[in-house]
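Every position in the sequence shown, counted from 1, becomes a number in my numbering once 75 is added. Glycine included, every Cβ here is placed at the ideal spot set by N, Cα and C. Since this is a predicted model, take the numbers as computed values, not measurements.
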Amino acid sequence: MRRLVFLDESFCSTSMACEYGWAPVGKRACGVRPGDCWMTLTLVGAIHVGCWPKLMTHRAAINGRIFVRFVRQRLCPWLHPGDVVLMNNLGAHKVSGARQAMEAIGACVVYRPTYTARTSIPSSCDGPT
Numbered sequence: 076m077r078r079l080v081f082l083d084e085s086f087c088s089t090s091m092a093c094e095y096g097w098a099p100v101g102k103r104a105c106g107v108r109p110g111d112c113w114m115t116l117t118l119v120g121a122i123h124v125g126c127w128p129k130l131m132t133h134r135a136a137i138n139g140r141i142f143v144r145f146v147r148q149r150l151c152p153w154l155h156p157g158d159v160v161l162m163n164n165l166g167a168h169k170v171s172g173a174r175q176a177m178e179a180i181g182a183c184v185v186y187r188p189t190y191t192a193r194t195s196i197p198s199s200c201d202g203p204t
C-alpha cells in the first residue's frame, strides 16, 4: 500500500524579536531580547496520515550533512517500499546520499515544484499497489 510522506523543515532564531509592542496609553512598552549571542534551532520532520511524525532538531541551520543524517537515522527505518516522499527543492535535500537512501528501500522521492503549493505525483511513481 502506498503512503504519502510529507517532509519539511522549519527554524527559529533567538535573533527574531519584535521591534514594537503594545502598552497602555502613556506607558512605555518594555521587553527583553538576546544581545550579542543568538542561536538557531532547526526542526526537520516527516509525517503521513495515521502515524506519529518522525522529527529531529539541530542547533544550527540545516545543511546537507545534517539532512542525510536525518534521512538515514530517522526516516529510512520508518519508510516502506512504495512510499512517496514529497519534499521541497531545498539544496540540502538534493545532496548525495539522501535520495539514494530513500530509493534503496523502495520509496519514490518527489521534489515539489518551486513556488507552487500544489504537486502532482509523476508517472514514475505509478505502479502496482
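Notebook entry, point to check: Grouping DSSP H, G and I as helix and E and B as strand, with all else coil, what is residue 74?
Noted result: Coverage of the chain is limited to positions 76 through 204, which leaves residue 74 absent and any answer about it impossible.
Checklist line | Which listed residue (183, 164, 176) has its alpha carbon closest to that of residue 189 | finding: For this step, residue 189 is matched to residue 114 along the sequence shown. Among 183, 164, 176, the Cα nearest to that of residue 189 is on 164.
Note to self: Quick check on residue 139: does DSSP put it in helix, strand or coil?
What the structure shows: What you label residue 139 is simply residue 64 of the sequence shown in a count that begins at 1. Assignment of residue 139 by DSSP, reduced to helix, strand and coil, places it in the helix class.
Next item on the list: Mark residue 94 as exposed unless 16 or more other C-beta atoms lie within 10 angstroms of its C-beta, in which case mark it buried.
Entry: By 1-based counting over the sequence shown, the position of residue 94 is 19. Per the 10 Å Cβ criterion, exposed.
Checklist line | Contact under 8 Å by Cβ, residue 259 with residue 146 | finding: The shown model of the chain, from 76 to 204, leaves out residue 259, and the question about it has no answer.
Checklist line | Residue burial classification, residue 105 (beta-carbon count within 10 angstroms, cutoff 16) | finding: Position 30 of the sequence shown, counted from the first residue, corresponds to residue 105. With fewer than 16 other Cβ atoms within 10 Å, it is exposed.
Margin query: Threshold first: 4 residues or longer. Then list the alpha helix (DSSP H) segments lying entirely within the segment 144-168, N to C.
Written below: Fully enclosed alpha helix (DSSP H) runs of 4 or longer: not present.
Notebook entry, point to check: Do you know how far the Cα of residue 186 is from the Cα of residue 204?
Noted result: Indexing the sequence shown from 1 puts residue 204 at position 129. Indexing the sequence shown from 1 puts residue 186 at position 111. Per-residue confidence for residue 204 stands at a pLDDT of 48, beneath the threshold of 50, marking its modelled position as unreliable; the derived number appears in the next sentence. Between the C-alpha atoms of residue 204 and residue 186 there is a straight-line separation of about 21 Å.
Item checked: Among 153, 96, 132, nearest to residue 125 - alpha-carbon criterion -> Locating residue 125 in the sequence shown gives position 50, where the first residue counts as 1. Comparing Cα-Cα distances from residue 125 to each of 153, 96, 132, the minimum goes to 153.
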